[in-house]
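Just so we're aligned: 395 in our numbering is position 62 of the sequence shown, and the numbers increase by one with no gaps anywhere. Everything on this sheet refers to the single structure shown next.
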Amino acid sequence: MDSIDLDFAAFFAARRRRLQRIAYRMLGSVAEAEDVVQDAYLRWHNADRAAVVEPEAYLVRTVTRLCLDVLKSARVQREQYIGAWLPEPWIDADDEADDITLPLMLAMERLSPLERAAFLLHDVFEMEFAEVADAIGRDPAAARQLASRARTHVQSARPRFPVADEQRQKIASAFFAASRSGNLGQLKQLLADDVVFYADGGGKRNSSINPIRGIDKVGRFLAALAGKGWSAGEVLRETLIDGLPGQITREIDSLPQTLAVEIDGGRITAIYVTRNPDKLGRLGPLSGA
(Lines of atoms letter the chains of each structure in order from A and count residues from 1; the text may use other names and numbers.)
(Lines give C-alpha, C1' and ligand atoms only; values in the text may rest on other atoms or scores of the structure.)
Protein backbone atom coordinates (compact mmCIF):
# COMPACT_ATOMS: atom_id res chain seq x y z
CA MET A 1 0.00 0.00 0.00
CA ASP A 2 1.51 3.35 -1.02
CA SER A 3 1.71 6.48 1.11
CA ILE A 4 -1.47 8.00 -0.38
CA ASP A 5 -3.45 4.89 0.52
CA LEU A 6 -2.02 5.01 4.02
CA ASP A 7 -3.13 8.63 4.41
CA PHE A 8 -6.63 7.80 3.20
CA ALA A 9 -6.82 4.82 5.55
CA ALA A 10 -5.73 6.98 8.49
CA PHE A 11 -8.27 9.65 7.55
CA PHE A 12 -11.05 7.06 7.61
CA ALA A 13 -9.83 5.48 10.85
CA ALA A 14 -9.91 8.86 12.61
CA ARG A 15 -13.57 9.25 11.65
CA ARG A 16 -14.76 5.68 12.03
CA ARG A 17 -16.25 6.23 15.48
CA ARG A 18 -18.33 9.21 14.33
CA LEU A 19 -19.49 7.36 11.22
CA GLN A 20 -20.50 4.38 13.34
CA ARG A 21 -22.49 6.63 15.66
CA ILE A 22 -24.34 8.12 12.68
CA ALA A 23 -25.09 4.65 11.33
CA TYR A 24 -26.22 3.35 14.72
CA ARG A 25 -28.52 6.32 15.35
CA MET A 26 -30.03 5.73 11.90
CA LEU A 27 -30.49 1.97 12.28
CA GLY A 28 -30.73 1.16 15.98
CA SER A 29 -28.45 -1.82 15.44
CA VAL A 30 -24.75 -1.98 16.27
CA ALA A 31 -24.26 -4.96 13.97
CA GLU A 32 -25.90 -3.24 11.00
CA ALA A 33 -23.99 -0.04 11.75
CA GLU A 34 -20.69 -1.95 11.67
CA ASP A 35 -21.63 -3.51 8.33
CA VAL A 36 -22.54 -0.13 6.86
CA VAL A 37 -19.30 1.50 8.02
CA GLN A 38 -17.27 -1.41 6.62
CA ASP A 39 -19.08 -1.09 3.29
CA ALA A 40 -18.39 2.65 3.33
CA TYR A 41 -14.70 1.94 3.92
CA LEU A 42 -14.55 -0.35 0.89
CA ARG A 43 -16.17 2.33 -1.25
CA TRP A 44 -13.77 4.90 0.18
CA HIS A 45 -10.79 2.66 -0.54
CA ASN A 46 -11.90 2.15 -4.16
CA ALA A 47 -13.01 5.75 -4.80
CA ASP A 48 -11.50 7.93 -7.49
CA ARG A 49 -9.26 10.09 -5.31
CA ALA A 50 -9.39 13.04 -7.73
CA ALA A 51 -13.20 13.02 -7.62
CA VAL A 52 -13.40 13.22 -3.82
CA VAL A 53 -13.32 16.99 -3.32
CA GLU A 54 -14.61 16.99 0.28
CA PRO A 55 -13.58 13.70 1.94
CA GLU A 56 -15.57 14.23 5.17
CA ALA A 57 -18.78 14.99 3.26
CA TYR A 58 -18.15 12.00 0.99
CA LEU A 59 -17.96 9.64 3.96
CA VAL A 60 -21.08 11.00 5.69
CA ARG A 61 -23.00 10.92 2.40
CA THR A 62 -21.93 7.32 1.74
CA VAL A 63 -22.87 6.12 5.24
CA THR A 64 -26.20 7.97 5.20
CA ARG A 65 -27.28 6.57 1.84
CA LEU A 66 -26.24 3.05 2.80
CA CYS A 67 -28.36 3.42 5.96
CA LEU A 68 -31.34 4.61 3.94
CA ASP A 69 -31.07 1.43 1.86
CA VAL A 70 -30.93 -0.75 4.98
CA LEU A 71 -33.95 0.98 6.52
CA LYS A 72 -36.14 -0.04 3.60
CA SER A 73 -35.88 -3.70 4.59
CA ALA A 74 -35.53 -3.11 8.34
CA ARG A 75 -39.11 -1.84 8.62
CA VAL A 76 -40.46 -5.11 7.22
CA GLN A 77 -38.29 -7.17 9.57
CA ARG A 78 -39.43 -5.18 12.63
CA GLU A 79 -43.08 -5.66 11.73
CA GLN A 80 -42.45 -9.42 12.01
CA TYR A 81 -40.44 -9.15 15.25
CA ILE A 82 -41.65 -11.18 18.23
CA GLY A 83 -42.60 -8.91 21.13
CA ALA A 84 -41.33 -5.39 21.78
CA TRP A 85 -38.45 -4.20 19.58
CA LEU A 86 -35.78 -2.14 21.33
CA PRO A 87 -32.61 -0.71 19.78
CA GLU A 88 -29.46 -2.70 20.32
CA PRO A 89 -27.89 -1.23 23.51
CA TRP A 90 -25.21 1.37 22.93
CA ILE A 91 -22.92 2.19 25.84
CA ASP A 92 -21.86 5.82 25.49
CA ALA A 93 -18.36 6.93 26.33
CA ASP A 94 -18.59 9.97 28.62
CA ASP A 95 -16.85 12.23 26.13
CA GLU A 96 -19.13 11.28 23.23
CA ALA A 97 -22.57 11.39 24.82
CA ASP A 98 -25.33 13.13 22.87
CA ASP A 99 -28.95 13.87 23.69
CA ILE A 100 -30.39 10.94 21.72
CA THR A 101 -31.83 8.69 24.39
CA LEU A 102 -33.51 5.33 24.00
CA PRO A 103 -37.08 6.74 24.07
CA LEU A 104 -36.11 9.26 21.42
CA MET A 105 -34.72 6.47 19.25
CA LEU A 106 -38.01 4.61 19.61
CA ALA A 107 -39.86 7.78 18.62
CA MET A 108 -37.64 8.07 15.55
CA GLU A 109 -38.87 4.66 14.43
CA ARG A 110 -42.11 6.44 13.47
CA LEU A 111 -40.28 8.80 11.12
CA SER A 112 -39.64 8.21 7.45
CA PRO A 113 -36.02 7.30 6.67
CA LEU A 114 -35.39 10.75 5.13
CA GLU A 115 -36.91 12.55 8.14
CA ARG A 116 -34.76 10.48 10.45
CA ALA A 117 -31.59 11.23 8.48
CA ALA A 118 -32.27 14.98 8.24
CA PHE A 119 -33.07 15.24 11.95
CA LEU A 120 -30.01 13.31 13.07
CA LEU A 121 -27.50 14.98 10.78
CA HIS A 122 -28.69 18.51 11.58
CA ASP A 123 -30.00 18.41 15.15
CA VAL A 124 -27.62 15.82 16.60
CA PHE A 125 -24.47 15.90 14.49
CA GLU A 126 -24.75 19.66 13.87
CA MET A 127 -24.33 19.64 10.11
CA GLU A 128 -25.45 22.60 8.00
CA PHE A 129 -28.55 22.05 5.90
CA ALA A 130 -26.48 22.29 2.73
CA GLU A 131 -24.41 19.34 3.97
CA VAL A 132 -27.53 17.45 5.07
CA ALA A 133 -29.10 18.01 1.66
CA ASP A 134 -26.02 16.63 -0.06
CA ALA A 135 -26.04 13.55 2.19
CA ILE A 136 -29.69 12.65 1.59
CA GLY A 137 -29.92 13.72 -2.04
CA ARG A 138 -32.38 16.59 -1.55
CA ASP A 139 -32.15 20.38 -1.77
CA PRO A 140 -31.50 22.42 1.41
CA ALA A 141 -35.11 23.65 1.67
CA ALA A 142 -36.41 20.08 1.58
CA ALA A 143 -33.81 18.98 4.15
CA ARG A 144 -34.89 21.80 6.45
CA GLN A 145 -38.54 20.82 6.10
CA LEU A 146 -37.79 17.14 6.78
CA ALA A 147 -35.85 17.99 9.94
CA SER A 148 -38.57 20.35 11.15
CA ARG A 149 -41.28 17.74 10.62
CA ALA A 150 -39.19 15.12 12.43
CA ARG A 151 -38.52 17.49 15.33
CA THR A 152 -42.26 17.98 15.83
CA HIS A 153 -42.94 14.24 15.81
CA VAL A 154 -40.28 13.34 18.38
CA GLN A 155 -40.82 16.27 20.74
CA SER A 156 -43.04 14.21 23.05
CA ALA A 157 -40.18 11.73 23.61
CA ARG A 158 -38.11 14.34 25.44
CA PRO A 159 -38.55 14.60 29.23
CA ARG A 160 -40.96 17.35 30.30
CA PHE A 161 -39.31 17.82 33.70
CA PRO A 162 -35.69 16.63 33.45
CA VAL A 163 -33.69 16.14 36.63
CA ALA A 164 -30.02 16.75 37.35
CA ASP A 165 -27.63 13.90 36.59
CA GLU A 166 -26.83 13.30 40.26
CA GLN A 167 -30.50 13.04 41.22
CA ARG A 168 -31.23 10.88 38.21
CA GLN A 169 -28.53 8.42 39.19
CA LYS A 170 -29.75 8.37 42.79
CA ILE A 171 -33.28 7.49 41.64
CA ALA A 172 -31.97 4.83 39.26
CA SER A 173 -29.79 3.23 41.94
CA ALA A 174 -32.74 3.13 44.35
CA PHE A 175 -34.83 1.45 41.66
CA PHE A 176 -32.16 -1.15 40.88
CA ALA A 177 -32.01 -2.07 44.57
CA ALA A 178 -35.80 -2.18 44.99
CA SER A 179 -36.35 -4.25 41.85
CA ARG A 180 -33.80 -6.82 42.98
CA SER A 181 -35.26 -7.05 46.47
CA GLY A 182 -38.85 -7.09 45.21
CA ASN A 183 -39.93 -4.47 47.74
CA LEU A 184 -43.27 -3.40 46.28
CA GLY A 185 -43.65 -0.40 48.58
CA GLN A 186 -40.27 1.04 47.58
CA LEU A 187 -40.96 0.34 43.89
CA LYS A 188 -44.25 2.25 43.96
CA GLN A 189 -42.51 5.24 45.54
CA LEU A 190 -40.17 5.38 42.53
CA LEU A 191 -42.54 4.60 39.66
CA ALA A 192 -44.75 7.12 37.83
CA ASP A 193 -48.46 6.33 37.69
CA ASP A 194 -48.26 5.73 33.92
CA VAL A 195 -44.96 3.84 33.94
CA VAL A 196 -44.39 1.36 31.09
CA PHE A 197 -42.23 -1.79 31.17
CA TYR A 198 -40.73 -2.99 27.86
CA ALA A 199 -38.81 -6.24 27.43
CA ASP A 200 -37.09 -7.34 24.22
CA GLY A 201 -36.39 -11.07 24.11
CA GLY A 202 -36.84 -11.40 20.36
CA GLY A 203 -38.56 -14.75 20.88
CA LYS A 204 -35.24 -16.22 22.01
CA ARG A 205 -35.46 -15.65 25.80
CA ASN A 206 -38.37 -15.33 28.17
CA SER A 207 -39.82 -11.84 28.23
CA SER A 208 -43.17 -10.08 28.30
CA ILE A 209 -44.50 -10.00 24.73
CA ASN A 210 -46.53 -6.83 25.23
CA PRO A 211 -45.59 -3.71 27.22
CA ILE A 212 -46.88 -3.67 30.81
CA ARG A 213 -48.50 -0.37 31.77
CA GLY A 214 -49.41 1.34 35.01
CA ILE A 215 -47.83 1.55 38.45
CA ASP A 216 -49.83 -1.33 39.97
CA LYS A 217 -49.19 -3.84 37.17
CA VAL A 218 -45.53 -2.91 36.71
CA GLY A 219 -44.88 -2.90 40.46
CA ARG A 220 -46.44 -6.34 40.97
CA PHE A 221 -44.64 -7.69 37.90
CA LEU A 222 -41.23 -6.53 39.16
CA ALA A 223 -41.91 -7.91 42.63
CA ALA A 224 -42.85 -11.26 41.06
CA LEU A 225 -39.68 -11.25 38.95
CA ALA A 226 -37.57 -10.74 42.07
CA GLY A 227 -39.25 -13.78 43.60
CA LYS A 228 -38.34 -15.82 40.53
CA GLY A 229 -34.63 -15.01 40.55
CA TRP A 230 -34.33 -11.46 39.17
CA SER A 231 -31.94 -10.67 42.04
CA ALA A 232 -29.80 -13.73 41.34
CA GLY A 233 -28.11 -12.13 38.35
CA GLU A 234 -24.62 -10.68 38.73
CA VAL A 235 -24.32 -6.92 38.21
CA LEU A 236 -21.44 -6.39 35.80
CA ARG A 237 -21.66 -2.64 35.45
CA GLU A 238 -23.82 0.42 36.05
CA THR A 239 -23.53 2.77 33.10
CA LEU A 240 -25.42 4.91 30.61
CA ILE A 241 -27.34 2.83 28.06
CA ASP A 242 -28.47 4.93 25.12
CA GLY A 243 -28.26 7.97 27.35
CA LEU A 244 -30.29 6.47 30.22
CA PRO A 245 -29.09 5.19 33.61
CA GLY A 246 -28.75 1.44 33.34
CA GLN A 247 -27.21 -1.84 34.40
CA ILE A 248 -25.53 -4.66 32.56
CA THR A 249 -26.06 -7.98 34.32
CA ARG A 250 -25.25 -11.64 33.81
CA GLU A 251 -28.43 -13.57 34.48
CA ILE A 252 -28.90 -17.05 35.97
CA ASP A 253 -28.86 -18.51 32.43
CA SER A 254 -25.30 -17.07 32.13
CA LEU A 255 -26.39 -14.68 29.37
CA PRO A 256 -26.16 -10.88 29.60
CA GLN A 257 -29.06 -8.50 29.99
CA THR A 258 -29.36 -4.72 29.98
CA LEU A 259 -31.85 -2.66 31.96
CA ALA A 260 -32.32 1.09 31.45
CA VAL A 261 -34.75 3.51 33.08
CA GLU A 262 -36.30 6.72 31.84
CA ILE A 263 -36.81 9.36 34.54
CA ASP A 264 -39.05 12.41 34.26
CA GLY A 265 -40.10 14.68 37.09
CA GLY A 266 -38.32 12.57 39.69
CA ARG A 267 -40.22 9.36 38.85
CA ILE A 268 -39.43 6.43 36.57
CA THR A 269 -41.68 6.63 33.53
CA ALA A 270 -40.32 3.70 31.51
CA ILE A 271 -38.19 0.60 32.02
CA TYR A 272 -36.38 -1.01 29.10
CA VAL A 273 -34.98 -4.55 29.38
CA THR A 274 -33.03 -6.10 26.50
CA ARG A 275 -32.64 -9.89 26.66
CA ASN A 276 -32.34 -10.89 23.00
CA PRO A 277 -28.85 -12.48 22.83
CA ASP A 278 -28.44 -11.30 19.23
CA LYS A 279 -28.41 -7.73 20.53
CA LEU A 280 -26.01 -8.25 23.42
CA GLY A 281 -22.99 -9.97 21.92
CA ARG A 282 -21.28 -6.68 21.04
CA LEU A 283 -21.49 -5.08 24.46
CA GLY A 284 -17.88 -5.95 25.21
CA PRO A 285 -16.14 -4.36 22.21
CA LEU A 286 -18.25 -1.21 22.37
CA SER A 287 -18.66 -0.66 26.07
CA GLY A 288 -15.62 -2.15 27.73
CA ALA A 289 -18.05 -4.11 29.90
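Yeah, the Cβ is synthetic: ideal placement off N, Cα and C, and Gly gets one too. Remember, predicted model here, so these are calculated numbers, not experimental data.
Whole-angstrom C-beta distance between residue j and residue i, which should lie under 8 Å
i, j, result
"ARG583", "GLU571", "That belief does not hold up - the Cβ atoms of ARG583 and GLU571 are roughly 14 Å apart, past 8 Å."
"GLY470", "PRO420", "Between PRO420 and GLY470 the Cβ distance is about 25 Å, and since that is not below 8 Å, they are no contact."
"LEU453", "MET359", "6 Å"
"ARG491", "LEU437", "7 Å"
"ILE424", "VAL457", "The pair is not a contact, with the Cβ atoms about 18 Å apart (cut-off 8 Å)."
"VAL369", "VAL403", "7 Å"
"TYR357", "ALA366", "4 Å"
"ALA468", "VAL393", "5 Å"
Residue i and residue j closer than 8 Å at C-beta
i, j, result
"VAL487", "ALA525", "no"
"LEU517", "ALA556", "yes"
"LEU352", "VAL396", "yes"
"LEU520", "GLY552", "yes"
"ILE504", "ILE601", "yes"
"VAL594", "ILE604", "yes"
"ASP597", "PHE509", "no"
"ARG538", "ALA364", "no"
"ARG608", "GLY534", "yes"
"GLY416", "ILE585", "no"
"LYS612", "PRO388", "no"
Where the alpha helix (DSSP H) containing residue i begins and where it ends
i, result
"LEU454", "No alpha helix (DSSP H) holds LEU454; DSSP gives it neither H nor E."
"ASP498", "498-514"
"ASP549", "548-560"
"ALA364", "363-378"
"LEU435", "435-441"
"GLY518", "517-523"
Opposing strand residues paired with residue i [DSSP bridges]
i, result
"GLY470", "Paired residue(s): none; GLY470 is not in a bridge."
"ARG583", "GLU567 and PRO589"
"LEU577", "ILE574"
"TYR531", "TYR605"
"VAL594", "ILE604"
"ILE424", "ILE574"
"ILE545", "PHE530"
Identity of the residue in the options nearest residue i by Cα
i, options, result
"SER540", "MET460, ALA343 and TRP418", "TRP418"
"LEU588", "TYR605, PRO610 and LYS521", "PRO610"
"GLU499", "PRO578, VAL606 and LEU613", "PRO578"
"ARG482", "ALA407, ALA468 and PRO446", "PRO446"
"PHE345", "ARG376, TYR357, GLY536 and ARG553", "ARG376"
"ASP575", "GLY560, LYS561 and THR591", "THR591"
"GLY547", "ARG538, TYR531 and ARG394", "TYR531"
"ALA451", "ALA407, GLN353, ASP368 and CYS400", "CYS400"
"ALA466", "ALA390, GLN413 and ARG408", "ALA390"
"LEU558", "LEU569, ASP527, LEU573 and VAL606", "VAL606"
"ALA383", "PHE341, TYR414 and ARG513", "PHE341"
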